[in-house]
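In what follows, a single structure is set out as structure tokens and then discussed.
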Amino acid sequence: MIRTFALLLLLPALSQAQDSLIVRIYESSHLERRMREMPRLIETQYEQQTAEKAPTPGMRQRMNALRRAFNPDSLRKDALHYLDSVRVEVHLRAALAWIDTPANRSIRRRIQRPLDDTLVREIEQHFEDSTRVPGPDRLRMIGLLDDRMRRSETEATVIVNVYLSYVAAMGTELPPHERVSNEEIPEVATLMHNELMGAYRELNLAHLAYVLRDVGDGPLRRYSAFLSTDAGTWYADALKGATDYALERVGERLGSYLP
465 MIRTFALLLL
475 LPALSQAQDS
485 LIVRIYESSH
495 LERRMREMPR
505 LIETQYEQQT
515 AEKAPTPGMR
525 QRMNALRRAF
535 NPDSLRKDAL
545 HYLDSVRVEV
555 HLRAALAWID
565 TPANRSIRRR
575 IQRPLDDTLV
585 REIEQHFEDS
595 TRVPGPDRLR
605 MIGLLDDRMR
615 RSETEATVIV
625 NVYLSYVAAM
635 GTELPPHERV
645 SNEEIPEVAT
655 LMHNELMGAY
665 RELNLAHLAY
675 VLRDVGDGPL
685 RRYSAFLSTD
695 AGTWYADALK
705 GATDYALERV
715 GERLGSYLP
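Numbered according to the numbering used here, the sequence shown spans residues 465 to 723.
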């Protein structure tokens, strides 16, 4: 009886400890940055749309609905919920152990450096010297890493979904040539995704080649090799799935917030 009571007292602490593992996966991956970026992408779309023409009351109302749907706290909650729903304890702990090694922390920090205007200029300047362009073997290694991380695929998915969420929300507030009907969305989404995949693939290869330029082939192979294990595949799929789920939830919220 005493033992059972003690276990009941421990259950909340054990649950909190397990949740902290999910939070560590979330915060140590690209997910946290990606969830913060989505609302900014929506704001950028709106700023471009209204740069030359003042928004109508209808546009402002619909933009407020988009802001609520893309609320950063909601996106974080959705991503964490998904990660917990697909949790496999042995894979989760293996992924965290892999993340926490000094060598992998260094590689991860490099990979997660935001591709902003400053970094783009650095990359362009660096590769102006053709002797700095990686050889075929190194490029294949970097390409394999991008595939295993599902990075280009995920980034293309985010852009497509953010754009289509914006277009769907604005509806008839947009000029006729910019509108996309519900019937057209699947085809437009596929076409956009295929086109963006190629663009992001090229961009990410340049990004990875630059930020990982001082990382030897051995450490990079070991980093990439983990992503081909059961735990590594679970990790990459869970991050991609969390992004997809957060975007699905945006659509659900948006439908209830729109006028």
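Ideal Cβ positions, reconstructed from N, Cα and C, are used throughout, including at glycine.
Check	Outcome
Assigned secondary structure, GLU491 (DSSP; H/G/I helix, E/B strand, else coil)	helix
Simplified DSSP assignment, three categories, for VAL622	helix
The region 533-553 contacting the region 511-524, beta-carbon criterion three pairs below 8 Å	no
Inter-stretch contact at 8 Å, needing at least 3 Cβ pairs: the region 617-634 / the region 676-684	no
Complete runs of the alpha helix (DSSP H) confined to the region 622-706 [at least 4 residues]	649-675 and 681-690
Touch test, the region 572-585 against the region 665-680, Cβ-Cβ under 8 Å, three pairs minimum	yes
Touch test, the region 605-621 against the region 701-708, Cβ-Cβ under 8 Å, three pairs minimum	yes
Sub-8 Å separation of ASN668 and ARG615 beta-carbons	yes
Validate contact between the region 547-556 and the region 689-703 using beta carbons, cut 8 Å, 3 pairs	yes
Cβ shell of LEU485 (< 8 Å), same chain only, five flanking positions each side left out	LEU556, ARG557 and LEU560
Neighbour-count burial assignment, SER493, 16 or more Cβ in a 10 Å radius	buried
Local Cβ density within 10 Å of LEU655, reported as buried at 16 or more and exposed below that	exposed
Reference PRO723; option with closest CA among MET634, LEU579, ASP593 and ARG488	MET634
Closest residue to ARG532 among GLU507, SER549 and GLN512 (Cα-Cα distance)	GLU507
Separation of MET605 from HIS641, as counted between CA atoms	42 Å
Simplified DSSP assignment, three categories, for ARG500	helix
Backbone secondary structure at LEU722 - three-state DSSP	coil
DSSP-derived helix/strand/coil call for LYS541	helix
GLU712 (DSSP reduced to helix, strand or coil)	helix
Helix, strand or coil at GLN509 [DSSP, three-state]	helix
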